[in-house]
Amino acid sequence: MKVICDTSGIPAEVLEFPENNIVDPDTVSRHLSTPGAEYTTVAVVHCETSSGVINPVEEIGRVVKRLAPDAIYFVDAMSSFGAVPLDVKGGRLDFLVSSANKCLQGVPGFAFVIASKVALAASKG
Numbered sequence: 102m103k104v105i106c107d108t109s110g111i112p113a114e115v116l117e118f119p120e121n122n123i124v125d126p127d128t129v130s131r132h133l134s135t136p137g138a139e140y141t142t143v144a145v146v147h148c149e150t151s152s153g154v155i156n157p158v159e160e161i162g163r164v165v166k167r168l169a170p171d172a173i174y175f176v177d178a179m180s181s182f183g184a185v186p187l188d189v190k191g192g193r194l195d196f197l198v199s200s201a202n203k204c205l206q207g208v209p210g211f212a213f214v215i216a217s218k219v220a221l222a223a224s225k226g
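In the numbering used here, the protein residues as written are 102 to 226.
Structural data, given as structure tokens:
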């Protein structure tokens, strides 16, 4: 995701965690609470493919919407959608992206996005 931002000229920061640890909601909270911090988007991977770590995306989403309510919350669920329960509404996700060829065992190359109506309407244009 960082490479895409860099290529597109979009400023981006990365919070790095050891690949066998979860993305810590408290660390995300401290980062979003930094004085002067303004974020338009927060993105996280639900399941880290190489380690199998499941990130607490619902809890992270609640942190994001409390501290950066106007930020888009984007979740990459490529390796988990259809196999690991995920509360899109309760987790305050704006966008979830996944693919049919992993847990859904569908056609390779078919991807989809689940979007909140509000976030989708705001992205028009």
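Here a beta-carbon is modelled for each residue, glycine too, at the ideal position from N, C-alpha and C.
Under 8 Å between the Cβ atoms of residue i and residue j?
i: L168; j: S130; result: yes
i: A144; j: F175; result: yes
i: G192; j: E149; result: no
i: V185; j: H147; result: yes
i: V154; j: P126; result: no
i: K218; j: M179; result: no
i: V208; j: A201; result: yes
Classify residue i as helix, strand or coil using the three-state DSSP reduction.
i: I105; result: helix
i: T218; result: Note that residue 218 is Lys in the sequence shown here, rather than Thr. DSSP places K218 in helix when its eight states are reduced to three.
i: A223; result: helix
Starting from residue i, follow its DSSP beta bridges and name the residues at the other end.
i: F213; result: S199
How many whole angstroms separate the CB atoms of residue i and residue j, which I take to be in contact at a CB cut-off of 8 Å?
i: V124; j: I161; result: 6 Å
i: F196; j: A220; result: 6 Å
i: S152; j: E120; result: 5 Å
i: E116; j: T128; result: The question names Glu, but residue 116 in the sequence shown is Leu. Confirmed, Cβ separation roughly 6 Å.
Practice item. Entirely within the region 127-199 and at least 3 residues each: give me those beta strand (DSSP E) ranges in chain order. Key: 142-146 and 173-177
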